[in-house]
Amino acid sequence: MDKTDQRYHHFVQILREELVPAMGCTEPIAIAYGAAKAREVLGCLPDEILVEASGNIIKNVKSVVVPNTGGLKGIEASAAAGAVAGDAGKILEVISQVTEAQKAEIKAYLDSHEVRVAPAPGDVVFDIIVTLTAGADTVRLRIADYHTNIVLIEKNGEPLLKCGTVTPAGEAASGLTDRSCLSVDAIVDFADTVALEDVAAPVERQLEYNCAIAQEGMARDWGANIGKVLQEYYGEDVKVRARYMAAAGSDARMSGCEMPVIIVSGSGNQGITASIPVVVYAREKNIPTERLYRSLAFSSLLTIYQKEFIGKLSAFCGAVSASCASAAAITYMVGGTLSQIKATIDNTLANIPGIICDGAKISCAAKIASSLDAAMMAHYLAMQDKEYEAYTGILKENAGETISCIGYIGKVGMHQTDKEIIKMMLE
278 MDKTDQRYHH
288 FVQILREELV
298 PAMGCTEPIA
308 IAYGAAKARE
318 VLGCLPDEIL
328 VEASGNIIKN
338 VKSVVVPNTG
348 GLKGIEASAA
358 AGAVAGDAGK
368 ILEVISQVTE
378 AQKAEIKAYL
388 DSHEVRVAPA
398 PGDVVFDIIV
408 TLTAGADTVR
418 LRIADYHTNI
428 VLIEKNGEPL
438 LKCGTVTPAG
448 EAASGLTDRS
458 CLSVDAIVDF
468 ADTVALEDVA
478 APVERQLEYN
488 CAIAQEGMAR
498 DWGANIGKVL
508 QEYYGEDVKV
518 RARYMAAAGS
528 DARMSGCEMP
538 VIIVSGSGNQ
548 GITASIPVVV
558 YAREKNIPTE
568 RLYRSLAFSS
578 LLTIYQKEFI
588 GKLSAFCGAV
598 SASCASAAAI
608 TYMVGGTLSQ
618 IKATIDNTLA
628 NIPGIICDGA
638 KISCAAKIAS
648 SLDAAMMAHY
658 LAMQDKEYEA
668 YTGILKENAG
678 ETISCIGYIG
688 KVGMHQTDKE
698 IIKMMLE
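Position in the sequence shown (from 1) plus 277 gives the number in my numbering.
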């Protein structure tokens, strides 16, 4: 892909938009970011906080530990952390600099102030409305479509910011680089030809941050220790190591580890899953650094491409998309043909498209490990030129059509499933 091709610049910008640091699960962090920004506008600590959130936000915040809060969970803790100790300028690292004294202040605030949670009005899948009140002053802030997209700030009913519109259901989110140019063929072309200096900064940071939290997950007790259990009982083969290192990163992250992760498609777990197995495999096979960087860019873009059809949040577990991309990137990295890369995608999506998302929590590490097991099998099948036939089950004529089909199932077909999952979790 030549630099004169507009898609080249789109792909570079997409990676810069997507591969950003976040400390903690991104949904509670988005709430903390909104609360911190609203407090900045309010100018003082609020007397009370109201958080209105869509069902998918509630689902993803309910069971995950919010970092730098002393082990607190939930929307109330997220909002209090942002309002009491957040630095909105750090965006998705908004509560990364909380001190021990501030942790105590967060807990004290929750004990002495009202933090209410209510369902957001309407049917926007990603919707957070934070209202802070102090005396006669009120600030209302809305984040919609994705984690940093502030579309409205009002103070005492007067709009201070209205920088966008909420995207109607089924349409691509506004404010981001157009993703419609993504395709499997184009991603391979870009990975083959991109000037490394154009992608090195986000990719190097992805490698550094995500490997660090994976190593932390193996070094200490986090969550259910999925990574450690896999290592102890499954051994040290590279395909097992790829799984247990990725799972370990999620072990730590879902348990409130105070280390940043480079996210993909708005998700730290997807960011870990799309990168760690590729790095592990590259180190095992002594893959040159240049080839590794191209493969990491490939994996991230393929994850993003799949999620464009599904949406940031849904009933479809994002570990499937990221695992599929990771295995396809390994196929690419070791010299697999375009047909073998597409076979890896089809082989994965023919096997595990039914894993549901029931919120962020410590068992996400197990879903990552299971998804990667299936994805690595898909890779090995593809390298032997084994592929399930088109039109068996939900497979289509080519990988792009299969991805689109899976996306439709995840967004439309599983829409009612998502509602039932949320209802069951809240009951």
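Cβ atoms here follow ideal geometry from the backbone N, Cα and C, with glycine treated the same way. Given the structure is predicted, the values throughout are model-derived calculations rather than measurements.
| said: Could you tell me the alpha carbon to alpha carbon distance between G687 and F593, rounded to whole angstroms? | reply: The residue you call residue 687 lines up with position 410 of the sequence shown. The residue you call residue 593 lines up with position 316 of the sequence shown. C-alpha separation (whole angstroms): 5 Å.
| query | In chain order, what residues of the same chain have a beta carbon less than 6 Å from the beta carbon of K584, not counting five sequence neighbours either side? | reply | To locate residue 584, count along the sequence shown from 1; it is residue 307. The answer, listed in chain order, is S542 and S598.
| field | Opening and closing residue of the alpha helix (DSSP H) in which I406 lies | value | Indexing the sequence shown from 1 puts residue 406 at position 129. Element bounds for I406: not the alpha helix (DSSP H) but the beta strand (DSSP E), D404 to A411.
| request: Give the single residue among S600, E666 and K562 whose Cα lies nearest to the Cα of G612. | output: Here residue 612 refers to the residue found at position 335 when the sequence shown is read from its first residue. Out of S600, E666 and K562, K562 has the C-alpha closest to the C-alpha of G612.
| query | In three-state terms, what does DSSP make of P298? | reply | Locating residue 298 in the sequence shown gives position 21, counting from the first residue. If DSSP states are grouped into helix, strand and coil, P298 belongs with the strands.
| field | S355 versus T410: straight-line alpha-carbon distance, rounded | value | Locating residue 355 in the sequence shown gives position 78, counting from the first residue. Locating residue 410 in the sequence shown gives position 133, counting from the first residue. Taking the straight line joining both Cα atoms gives about 17 Å.
| task | Would you please state the rounded distance, in angstroms, between the beta carbons of T580 and A551? I believe it to be under 8 Å. | result | Locating residue 580 in the sequence shown gives position 303, where the first residue counts as 1. Locating residue 551 in the sequence shown gives position 274, where the first residue counts as 1. Yes, they are in contact, since the Cβ atoms of T580 and A551 sit about 5 Å apart, within 8 Å.
| Mind checking whether I420 and I430 have CB atoms under 8 Å apart? | In the sequence shown, residue 420 corresponds to position 143, counting from 1. In the sequence shown, residue 430 corresponds to position 153, counting from 1. No, they are not a contact pair.
| request: With a cut-off of 8 Å on the beta carbons, I'd call A491 and G526 a contact; round off their distance for me. | output: Within the sequence shown, residue 491 is the residue found at index 214, counting from 1. Within the sequence shown, residue 526 is the residue found at index 249, counting from 1. About 4 Å; that satisfies the 8 Å criterion.
| Who are the near neighbours of P479 in its chain, counting only those whose CB is closer than 7 Å to its CB and skipping five residues on each side? | Stepping through the sequence shown from its first residue, residue 479 is reached at position 202. Here the set comprises L292, R293 and L296.
| Whole-angstrom C-beta distance between E493 and M536, which should lie under 8 Å | Locating residue 536 in the sequence shown gives position 259, counting from the first residue. Locating residue 493 in the sequence shown gives position 216, counting from the first residue. Confirmed, Cβ separation roughly 6 Å.
| field | A397 versus L590 - alpha carbon distance | value | Locating residue 397 in the sequence shown gives position 120, counting from the first residue. Locating residue 590 in the sequence shown gives position 313, counting from the first residue. Spanning the two alpha carbons is a distance of roughly 15 Å.
| request: Can you tell me the Cβ-Cβ gap for S460 and F403, rounded? I've got them flagged as a contact below 8 Å. | output: Residue numbering aside, residue 460 sits at position 183 when the sequence shown is read from its first letter. Residue numbering aside, residue 403 sits at position 126 when the sequence shown is read from its first letter. With a Cβ gap of about 25 Å, S460 and F403 do not count as contacting.
| query | Hey, V407 and V328 are a contact pair by Cβ (cut 8 Å); roughly how many whole angstroms apart? | reply | For the purposes of this step, residue 407 is taken as residue 130 along the sequence shown, with counting starting at 1. For the purposes of this step, residue 328 is taken as residue 51 along the sequence shown, with counting starting at 1. Indeed, because the Cβ distance is near 6 Å, the residues count as touching under 8 Å.
| Assigned exposure category for I308 - 16 Cβ within 10 Å defines buried | In the sequence shown, counting from the first residue as 1, residue 308 sits at position 31. By the neighbour-count rule (16 or more Cβ atoms within 10 Å), I308 is buried.
| query | Residue range of the alpha helix (DSSP H) that L387 falls in? | reply | As a working note, residue 387 is residue 110 in the sequence shown. From DSSP, the alpha helix (DSSP H) with L387 extends over E377 to S389.
| In chain order, what residues of the same chain have a beta carbon less than 6 Å from the beta carbon of E697, not counting five sequence neighbours either side? | Within the sequence shown, numbered from 1, the residue matching residue 697 stands at position 420. Cβ neighbours of E697 beyond the five flanking positions: none.
| Close Cβ partners of K673 (< 7 Å) along its chain, the five nearest in sequence each way excluded | Within the sequence shown, numbered from 1, the residue matching residue 673 stands at position 396. Excluding positions up to five away in sequence, the list reads A667, T679 and C682.
| task | Would you list the one or two residues that DSSP bridges to F593? | result | In the sequence shown, the residue the question calls residue 593 occupies position 316. F593 pairs with I633.
| request: Report the residue from A395, K505, G533 and V361 whose alpha carbon sits nearest the alpha carbon of A524. | output: Here residue 524 refers to the residue found at position 247 of the sequence shown. Nearest option by C-alpha distance: K505.
| request: Would you tell me roughly how many angstroms separate the C-alpha atoms of M278 and N502, rounded to the nearest one? | output: The residue given as residue 278 occupies position 1 in the sequence shown. The residue given as residue 502 occupies position 225 in the sequence shown. Going by the C-alpha atoms only, they are around 43 Å apart.
| Ends of the alpha helix (DSSP H) at R520? | Residue numbering aside, residue 520 sits at position 243 when the sequence shown is read from its first letter. Looking at the DSSP string, the run of the alpha helix (DSSP H) that includes R520 is V515 to M531.
| query | When you compare only the Cα positions, how much space is there between Y423 and Y665? | reply | Counting from 1 along the sequence shown, the entry for residue 423 is found at position 146. Counting from 1 along the sequence shown, the entry for residue 665 is found at position 388. Each residue's Cα considered, the two are about 35 Å apart.
| Any 3 or more C-beta pairs closer than 8 Å across the stretch 364-384 and the stretch 570-578 | no
| field | 8 Å Cβ cutoff met for H287 and T425 | value | Reading the sequence shown from its first residue, position 10 is the one you call residue 287. Reading the sequence shown from its first residue, position 148 is the one you call residue 425. In this structure, T425 does not lie closer than 8 Å to H287 by Cβ.
| Helix, strand or coil: how does DSSP classify V689 here? | Against the sequence shown, residue 689 aligns to sequence position 412. Note: V689 maps to helix in three-state DSSP.
| query | Which partner residues does L393 have in the DSSP bridge list? | reply | One-based indexing of the sequence shown puts residue 393 at position 116. The amino acid occupying residue 393 in the given sequence is Arg; Leu does not appear at that position. DSSP lists L327 as partners of R393.
| Among K367, I334, A362 and Q693, which one has its Cα closest to the Cα of G351? | Locating residue 351 in the sequence shown gives position 74, counting from the first residue. Selected option, being the one with the closest Cα: I334.
| From S544 to C302, what does the alpha carbon distance come to, in whole angstroms? | Your numbering for residue 544 matches position 267 in the sequence shown. Your numbering for residue 302 matches position 25 in the sequence shown. Cα to Cα, S544 sits roughly 7 Å from C302.
| query | Does the beta carbon of I464 fall short of 7 Å from some heavy atom of the ligand SAM? | reply | No copy of the ligand SAM occurs in the structure displayed, which carries no ligand at all.
| Buried or exposed (CB count within 10 angstroms, at least 16 for buried), Q617 | Locating residue 617 in the sequence shown gives position 340, counting from the first residue. Q617 should be labelled buried.
| task | Can you check DSSP and say which residues form a bridge with L418? | result | Here residue 418 corresponds to residue number 141 of the sequence shown, with the count starting at 1. L418 is bridged to V407 and I430.
| task | In the DSSP assignment, find the beta strand (DSSP E) that holds P436 and state where it starts and stops. | result | For this step, residue 436 is matched to residue 159 along the sequence shown. That run of the beta strand (DSSP E) goes E435 to L438.
| C-beta atoms of M708 and A468 nearer than 8 Å | The chain is shown only over 278 to 704; residue 708 falls outside these bounds and no answer can be derived.
| task | Could you tell me how far apart the beta carbons of V392 and Y609 are, in whole angstroms, since I believe they sit closer than 8 Å? | result | Here the question's residue 392 lines up with position 115 in the sequence shown. Here the question's residue 609 lines up with position 332 in the sequence shown. In fact, because the Cβ distance is near 47 Å, the residues do not count as touching under 8 Å.
| query | Secondary structure at S603, three-state DSSP: helix, strand or coil? | reply | For the purposes of this step, residue 603 is taken as the residue at position 326 of the sequence shown. Helix at S603.
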